[in-house]
Structures are given as structure tokens and as C-alpha cells.
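Asker: The structure follows.
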Amino acid sequence: MSNSHLFLKPGFINVPLQNGVGRYVSQLQRVVLKFCKNNGSSRGMREFIESGLVNFAKENPGVVVYLKPRRHRSAVIKAEYLNGDEQWMSCRNSTQEEISKWLNLLVCQSKNHTGTRIRKLWHTDHPSIQGPWTPFTFRDPKLNLATFPNEELAKPKDSDVSNHERLIELFKKQKLGDLENRRGE
Amino acid sequence: MGTLLRQIIKNCEHLSRLSISNNLLKPGNSPLLALIATKRYSNVPTPYEVVDIKAEEKSNKEVINQVNQLVKDNNISRLFAVVHVTGKQFKITEGDVIVIEGYWPPTVGDKILLDKVLLAGSTDFTLIGRPIVQKGLVRVEATVIEKTLSHTKTHFRKKRRKQYMRINFFRIQQTYLRINKVCINGEVNNPPEVRGLETAIF
Numbered sequence: 001m002s003n004s005h006l007f008l009k010p011g012f013i014n015v016p017l018q019n020g021v022g023r024y025v026s027q028l029q030r031v032v033l034k035f036c037k038n039n040g041s042s043r044g045m046r047e048f049i050e051s052g053l054v055n056f057a058k059e060n061p062g063v064v065v066y067l068k069p070r071r072h073r074s075a076v077i078k079a080e081y082l083n084g085d086e087q088w089m090s091c092r093n094s095t096q097e098e099i100s101k102w103l104n105l106l107v108c109q110s111k112n113h114t115g116t117r118i119r120k121l122w123h124t125d126h127p128s129i130q131g132p133w134t135p136f137t138f139r140d141p142k143l144n145l146a147t148f149p150n151e152e153l154a155k156p157k158d159s160d161v162s163n164h165e166r167l168i169e170l171f172k173k174q175k176l177g178d179l180e181n182r183r184g185e
Numbered sequence: 001m002g003t004l005l006r007q008i009i010k011n012c013e014h015l016s017r018l019s020i021s022n023n024l025l026k027p028g029n030s031p032l033l034a035l036i037a038t039k040r041y042s043n044v045p046t047p048y049e050v051v052d053i054k055a056e057e058k059s060n061k062e063v064i065n066q067v068n069q070l071v072k073d074n075n076i077s078r079l080f081a082v083v084h085v086t087g088k089q090f091k092i093t094e095g096d097v098i099v100i101e102g103y104w105p106p107t108v109g110d111k112i113l114l115d116k117v118l119l120a121g122s123t124d125f126t127l128i129g130r131p132i133v134q135k136g137l138v139r140v141e142a143t144v145i146e147k148t149l150s151h152t153k154t155h156f157r158k159k160r161r162k163q164y165m166r167i168n169f170f171r172i173q174q175t176y177l178r179i180n181k182v183c184i185n186g187e188v189n190n191p192p193e194v195r196g197l198e199t200a201i202f
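Here the protein sequences come in this chain order: P and Z. Counting from 1, position 185 in the first sequence corresponds to residue 185 in UniProt numbering; the numbering is continuous, with no gaps. Counting from 1, position 145 in the second sequence corresponds to residue 145 in UniProt numbering; the numbering is continuous, with no gaps.
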């Protein structure tokens, strides 16, 4: 097991703007597809633009899609989210399917999650409804009226005879034995 | 074995001494105790026995009626529920966000019902399922708000002196769920005539 994840920025679940309480709002604002019109490394991106891009834009009317051709540079996806996050993703030599899959991921995300590790799979504003457990929950209410010092409660739970009492008994026995010995003499 | 049994019986006596004294319940050592209690399993029976079955039933009915009345009057506080989703259990209430790990088909914007409710409770009562509460009684609604990938996890293995070293990287799928509603529909201990179709979609 490696510990490399310890160097990631740890965090808790943080959902922007109470998303999903009323309705769900897609958090992806803008996507820029950068590619070269000639270079082979952009081939997958060009294919995606030809065949899949119109459908993608139709399915996600809330997302602005920009195309940015540039000569002799590799293909790149840049995403911008509603909370201001930007995510840059290299698509050099990736196929059409790969690109559509990554784009789908960007649409479903609410922010740039790279470099952070979530510490808990649960977030709540109401951590306890029946009250947190204390040592006094589920105890006999009689204890509320107990007066201290209390012999009954001071006893150890598992035995009826305390060590203290046992010692006293031993001591008494010893004394008796001593007396008998003396009489014998 | 003998000492163990003696200890258990002792503990039982102790328990019955401490437990809240109820007129219906008489503390006592069941003769079955010695037969059932084994070393491996802690299957010690509850250290009290029901004396009057009718009185017990009556008190149970009273409790159930009280809960039903609370539900009917809408006099209950915020509810929480323990739900079982993809092999994990979550304690949830309205407004919570939970993360489900691994492949899970629902996509963003989907509204779903969480069916396997193991326990539901408010400040005044708790419904405990055996193992799940009556289907359709507790309605837990949720919305999928995000589908993303976890941080990159490293799987590194090495065997010493064997020229063996492998390193793998992977990210697991995560689905964020917003809990919209936890509520009780219907009556406790009074299931409808036709059952099993509460959450079916036609």
C-alpha cells in the first residue's frame, strides 16, 4: 500500500449552491475544444467534431461549446465550471470514443476534482437526531436519585464479594488460627 | 467451559438487576441458557422472560398506536433512516449528501427512491427492520447530483529479492446523491393488502 495519496489535498464533500435540493443544475459552463486541422495527433478530436459534437451540444443545452483550431498543436479539452474552476485535459492521440467519454465526465462533474481526496463519503447538517450517545443514555433512571457515597454502586460489577472484604475475612481466619495455635501450645 | 457459563449466568443476574424494572418482565435465568450459550457465538438470550403474553401484546399495541398517531398528526420531528446502497449502509436525513463508490448506472439529474431501509427514526421513536422495515412504509427520495472519479489511487506491489515490481494506477467512479426527502407513508404494523408494488414503475 502506498501512501502517495497523503500528499493530495484532503477535503470534505462540498456541493455548490445546494444543488439537487430543488432541481439539478449542470455545473459545467463552457468547453473549448482545441485541435489542429492537419496533425495526426488531433485526428480523434476532428472525428469527434465531425460526428459527435452536434449531438453533444443538443443534449447539453446549458453548456457553451467553442472550437479553437490552431496549427501544429496537440488536441486539448478545456472546461470551465460555474464556480470558476478550470480543467485542462490533453487529448493527444486519443480516439473519438475516448474524447466523448471524457467530455461526458466533465458534464457530470461539479468542479475540478483533480488533486483532492475526499475524506468522508457522507455530509450532513444534522449529525444526530436522537441525541449523541453519552455514558448516561440507556441507564437506569434510578441512578438520578442515587446519593453518594453509595455502597451498592461502589461495588465491582462482576463479583458479589469485594477483594477488600475477602482480605478482611482472610485476616480474621488467620487470627483464629493463631489463637488455636497458642491454645495448642 | 464451566467457568464461562458461570460468568455468563452471573452477568445475566447482574443485567437483570440493573435493567429498568418493568412489571411485565420477570428477571430469571432461563434453563435454556446453559444449552444455547457456546464458546464461539454470543447467542446468550435476553435475560428476561415475558410473563404475561396478553399484557405484553397490549403494551406493544399501545406503543404502535402512539407512533401511528404521531405520524397521522404529522407531529414527528425530522426523520433519519439507515439505508443500504451498493453494499454500504448510510445514516441519512433530509438534505444530506452521500457518495456511492463503484460502477452505478444512475446518471446526473436522476431522481431515485432508496428502497432498502434498515432503520428509520425520529426523536420520539425508532422503527427497526428485520432486516428491512416494511417496504413502502418509509420513503427515501434522492437526486443524483454528480458523477465523477476519485483521486488517483496507487496499487504498488513488490516482492523482495524476486525481481518483481508492479505499479498500477486507478480511479474509482463516484456518484454523489442528495437526499431530498425522508418520510413515513401509511401505518406501522398495518401493511396494505397488496404488497410488493410500492416502488414499481409501470
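Heads up, the beta-carbon is just placed ideally off N, CA and C, and yes, glycines get one too. No experiment lies behind these values; they were computed from the predicted model shown.
#1: Once the 5 residues before and after Z:Ser77 are set aside, which same chain residues still bring their CB inside 6 Å of it?
#2: DSSP beta-bridge partners for P:Pro132?
#3: From what residue to what residue does the alpha helix (DSSP H) around P:Ser100 run?
#4: Would you say the beta carbon of Z:Ser59 is closer than 6 Å to some non-hydrogen atom of the ligand GDP?
#5: Does the separation of the CB atoms of P:Asn150 and P:Lys111 fall below 7 Å?
#6: Can you name the residues of chain P whose CB is closer than 8 Å to the CB of Z:Tyr145?
#7: Is Z:Gly102 close to chain P? Criterion is C-beta to C-beta, closer than 7 Å.
#8: Starting from the C-beta of Z:Leu18, find all residues in its chain whose C-beta is less than 6 Å away, skip the five residues before and the five after it, and write them out in chain order.
#9: How is the beta strand (DSSP E) around Z:Lys58 delimited, first residue to last?
#10: What are the boundary residues of the beta strand (DSSP E) that residue 203 of chain Z is part of?
#11: Using the DSSP secondary-structure output, state which residues sit across from Z:Ile92 in a beta bridge.
#12: What residues in the stretch 129–158 of chain Z bring their beta carbon closer than 9 Å to a beta carbon of chain P?
#13: Can you find a CB in chain Z that lies within less than 7 Å of the CB of P:Arg117?
#14: In chain Z, which residues lie less than 7 Å from P:Gln130 when you measure between Cβ atoms?
#15: May I ask you to verify whether the stretch 98–114 of chain Z touches the stretch 61–75 of chain Z, counting CB pairs closer than 8 Å and requiring at least 3?
#16: Below 7 Å on C-beta distance, what does P:Trp102 contact in chain Z?
#17: For a cutoff of 7 Å on Cβ pairs, would you count Z:Gly95 as touching chain P?
#18: From this set, P:Ser4, P:Ser100, P:Gln18 and P:Lys173, which residue's C-alpha is nearest P:Asn55's C-alpha?
#19: Cβ atoms of Z:Val140 and Z:Val182: under 7 Å apart, would you say?
#20: At the level of alpha carbons, what is the spacing between Z:Gly136 and Z:Asn185?
#21: Using the beta-carbon of each residue, which ones in chain Z are nearer than 8 Å to P:Ser74?
#22: Verify the CB distance criterion: does Z:Val99 have a CB-CB separation below 7 Å to chain P?
#23: At the 7 Å Cβ level, is Z:Phe80 part of the contact set with chain P, yes or no?
#24: Does any C-beta atom of chain P lie closer than 7 Å to the C-beta of Z:Arg178?
#25: Cβ of P:Gln27 within 7 Å of Cβ of P:Glu80?
Answerer: So, from the data block:
#1: Ser122 and Thr123
#2: None, per the DSSP bridge assignment.
#3: Gln96 to Cys108
#4: Of ligands this structure carries none, so the ligand GDP is not represented either.
#5: no
#6: The residue asked about is misnamed: residue 145 of chain Z is Ile in this sequence, not Tyr. Within chain P, the residues near Z:Ile145 are Val15, Asn19, Gly20, Tyr24 and Ser110.
#7: no
#8: Any answer about Z:Leu18 is weak, because its pLDDT of 38 lies below 50 and its placement is not dependable; what the coordinates show is given next. Result list for Z:Leu18: empty, nothing under 6 Å.
#9: Element bounds for Z:Lys58: not the beta strand (DSSP E) but the alpha helix (DSSP H), Ile53 to Lys72.
#10: Since the first residue of chain Z shown is 1 and the last is 202, residue 203 of chain Z is not available in this structure.
#11: Z:Ala81
#12: Ala142, Thr143, Val144, Ile145, Glu146, Lys147, Thr148, Leu149, Ser150, His151, Thr152, Lys153, Thr154, His155 and Phe156
#13: yes
#14: Gly121 and Thr123
#15: no
#16: By Cβ distance, chain Z contributes nothing, its closest Cβ being about 10 Å from P:Trp102, past 7 Å.
#17: yes
#18: P:Ser100
#19: yes
#20: 7 Å
#21: In chain order: nothing, as chain Z lies at least about 22 Å away.
#22: yes
#23: yes
#24: yes
#25: no
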